[in-house]
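Read the structure below first, then the notes.
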Amino acid sequence: MAKLLSWVGVVAVLVAVFGVVIQLDVRYQRGVGRDFLAQGVPAVATQVELEVDAGRDTSVDAVDVVFRTADGQEVRTELIGQLGDPEGAAEGPSVPAAGTRYAVPLRVLYRRAAPAEAIAVIDAEDKANPGPVIPVAWAMVAGGAMAAVGAF
163 MAKLLSWVGV VAVLVAVFGV VIQLDVRYQR GVGRDFLAQG VPAVATQVEL EVDAGRDTSV
223 DAVDVVFRTA DGQEVRTELI GQLGDPEGAA EGPSVPAAGT RYAVPLRVLY RRAAPAEAIA
283 VIDAEDKANP GPVIPVAWAM VAGGAMAAVG AF
């Protein structure tokens, strides 16, 4: 019985640690989203190319865009913070289909001091408002910690 309780304790500690990691990552991502929404300069990407990798699961590895800054400078860059759903795009480079998350015209926000740092507006909004992830992560921390204390 003691051995079983030890394993339960180990699993509980891992759940709590994973909750802390989620908490830290989501808070960082939320800060990035809020920063771009508050200080980013709006632009519209007129060219978008997805890089899709079909490893264990098909996901978008990169979203490459071309847009013009407020002063007319053309910028070619990879967006930061893109989400991994390819929305039906094939493996390799492809243009996103109309009506999908990254379809043109794509609204982006860039940093005035570093225009190559850009994010899709929809990604910035999603990051700034992560929904119930933070309370769930806190529940993992609290539940894991309580279970670990009870098991040890």
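Last residue of the sequence shown: 314 in the numbering used here, with the numbers rising by one and none dropped. Think of the CB as a built atom: it goes at the ideal place given N, C-alpha and C, for glycine as much as any other residue.
Sort the options by Cα distance to residue i and report the nearest one.
| i | options | result |
| --- | --- | --- |
| Ala-282 | Ser-168, Thr-239, Gln-185 | Thr-239 |
| Asp-197 | Val-182, Gly-243, Arg-230 | Gly-243 |
| Asp-233 | Ala-252, Ala-275, Val-311 | Ala-275 |
| Ala-290 | Gly-195, Ile-184, Val-183, Val-173 | Gly-195 |
| Val-298 | Val-173, Val-182, Ser-168 | Val-182 |
| Ala-280 | Leu-241, Gly-312, Ala-260, Pro-292 | Leu-241 |
| Ile-184 | Val-311, Pro-292, Gly-312 | Pro-292 |
| Val-237 | Leu-271, Gly-217, Leu-245, Ala-216 | Leu-271 |
| Asp-285 | Gly-217, Gly-246, Val-179 | Gly-246 |
Taking 8 Å as the threshold (C-beta atoms), are residue j and residue i in contact?
| i | j | result |
| --- | --- | --- |
| Gly-305 | Val-225 | no |
| Arg-269 | Pro-204 | yes |
| Pro-248 | Thr-220 | yes |
| Val-188 | Val-295 | yes |
| Leu-199 | Tyr-264 | no |
| Val-227 | Val-214 | no |
| Pro-277 | Thr-231 | yes |
| Glu-253 | Ala-216 | yes |
To the nearest angstrom, how far is it from the Cα of residue i to the Cα of residue j?
| i | j | result |
| --- | --- | --- |
| Pro-267 | Leu-186 | 33 Å |
| Gln-191 | Val-170 | 31 Å |
| Val-175 | Ala-301 | 13 Å |
| Met-308 | Ala-251 | 44 Å |
| Tyr-255 | Val-222 | Residue identity check: residue 255 is Pro in the sequence provided, not Tyr. Cα to Cα, Pro-255 sits roughly 10 Å from Val-222. |
| Asp-288 | Thr-262 | 15 Å |
| Gly-202 | Gly-312 | 48 Å |
| Phe-180 | Gln-235 | 43 Å |
| Phe-229 | Val-206 | 6 Å |
| Ser-168 | Gly-193 | 38 Å |
Every unbroken beta strand (DSSP E) inside the segment 247 to 290 [3 residues or more]: 254 to 256, 268 to 273, 276 to 282
Within the segment 194 to 245, ranges of the beta strand (DSSP E) (whole runs, at least 3 residues): 203 to 216, 220 to 230, 236 to 240
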